[in-house]
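Read in order, the letters of the sequence shown correspond to residues 285 to 583 in this note's numbering.
Glycine included, C-beta positions come from ideal geometry on N, C-alpha and C.
To keep things clear, I will list the structure first and then write my remarks on it.
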Amino acid sequence: MEEKQRPKWLVPVGIGCLVILCLCIGGGAAYYFFFADNMGQIFDQAGETIDAVTTEVSVLPTETSGVAAATLPAEDTSPPPANTQAPQPTLSQEGSFTGQQYLDDVSLFDDFSSDYFDWQVYEDEITIIKYENSAYSFQIAQPDYYDYTYVPAGDYPNYIEFDVQGLPGPQNGTFGLMCQLQDGDNYYYVEFDLELREYLVGVVKNGEHELLTPLNEDDNNWQPADSFTSLPEQTNKIAVDCTLDALTLSINGTQVYTTTFADPFATEGEMAFFVFAFSFADENGYKVFFDNANVWWGE
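Structure below.
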């Protein structure tokens, strides 16, 4: 807010005229007593206005307060990201490796046996992300919602390989990976449905979605992958090679999709896991477990 300039008053001076001087003194006194009282009220009112505005702003959602609803149908598109988590984590320099954890100049491997790599931990009534049973669990506990969390790396990652498992029974949502993530309106992504054993690939530019996988016989863009395990609770190994101009997807060692981008992003971006709970999910929403993440950011 720009500071307002106070009015500048011209004060006439009559040198040698006692009457005029008295009138000036009397007028000045009247001005002081009349306007000082009113200006006090004005400043009091301004203070109340500022307090009211400050109070209103203070209760607006912050970047760590929750997530936005996703209302697009999961059959033919993926909701745009509305990450409300804190900024992407940095690699921890404290503690020591456990299990099979590893780090060098261009890659890391994390079996989630400790929090050395400082993946984000977050919990509210909707999003629950935590280390759990030597894995990294990600749950959206409310239907028709999603969220994402950054993959830690020493630089902009271009390759990731990870294990993933769902809970037994019906899968009430999907999960996926965003790569070359510039911001919430610009990124590539892959999405997975463990129950139907299908995947989807797309790109978002300036908030506009483009689905890259072709239409199937059901007239949507989800593609079957026989290389998925038969049960959602069984471990699947996903590998995504995602550079600025190309993306390749493999599931359990079988390459299922590859594409190039004729109009790639100009600069490299981040990676992030996301989870989406369907509108018909129960009060538990949808939950998956990520493990054994191998992340590369070198050539």
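C-alpha distance - residue i paired with residue j, whole-angstrom precision
i, j, result
"V540", "E416", "30 Å"
"T411", "D502", "32 Å"
"Y494", "D399", "Here the sequence assigns Glu to residue 494, which means Tyr is not the residue at that position. When rounded, the distance between both Cα atoms is 36 Å."
"G486", "C526", "12 Å"
"N442", "P436", "12 Å"
"Y473", "T542", "13 Å"
"W506", "L461", "15 Å"
"S380", "F401", "10 Å"
"S418", "F396", "5 Å"
"S514", "L478", "9 Å"
"G491", "F545", "17 Å"
"D510", "E475", "16 Å"
Nearest candidate by alpha-carbon position, reference residue i, set the options
i, options, result
"I424", "E517, F459, S397 and F401", "F459"
"E554", "E567, A577 and L528", "L528"
"C463", "S421, A523 and S514", "A523"
"E517", "E407, D447 and D402", "D447"
"Q426", "A556, T519 and E407", "E407"
"N504", "L484, N520 and K489", "L484"
"G537", "E445, E409 and T382", "E445"
Element boundaries [beta strand (DSSP E), containing residue i]
i, result
"I444", "Y443 to G450"
"Y440", "Here Y440 belongs to no beta strand (DSSP E), and DSSP marks it neither H nor E."
"T382", "That residue, T382, is in no beta strand (DSSP E); it is neither H nor E in DSSP."
"E479", "Careful: E479 lies outside any beta strand (DSSP E) and carries neither H nor E."
"Q455", "From DSSP, Q455 is part of no beta strand (DSSP E); its letter is neither H nor E."
"L495", "E492 to L495"
Test: residue i CB closer than 8 Å to a CB of chain C
i, result
"P441", "The structure shown contains no chain C, having only a single protein chain."
Problem set entry | Meets three-Cβ-pair contact criterion under 8 Å: the region 448-456 and the region 572-582 | yes
For this session: Report yes or no: do three or more beta-carbon pairs, one from the region 576-583 and one from the region 379-398, lie closer than 8 Å?
Result: yes
For this session: List in chain order: all unbroken beta strand (DSSP E) runs of 3+ residues lying wholly within the region 502-534.
Result: 520-526
Exercise. Would you say the region 558-569 touches the region 425-443, given that touching needs at least three Cβ pairs under 8 Å?
Worked result: yes
For this session: Quick one: which unbroken beta strand (DSSP E) runs of 3-plus residues sit fully inside the region 392-430? Chain order, please.
Result: 411-416 and 419-424
Exercise. Which runs of the beta strand (DSSP E) fall wholly inside the region 547-582 and span at least 3 residues, in chain order?
Worked result: 554-561 and 570-580
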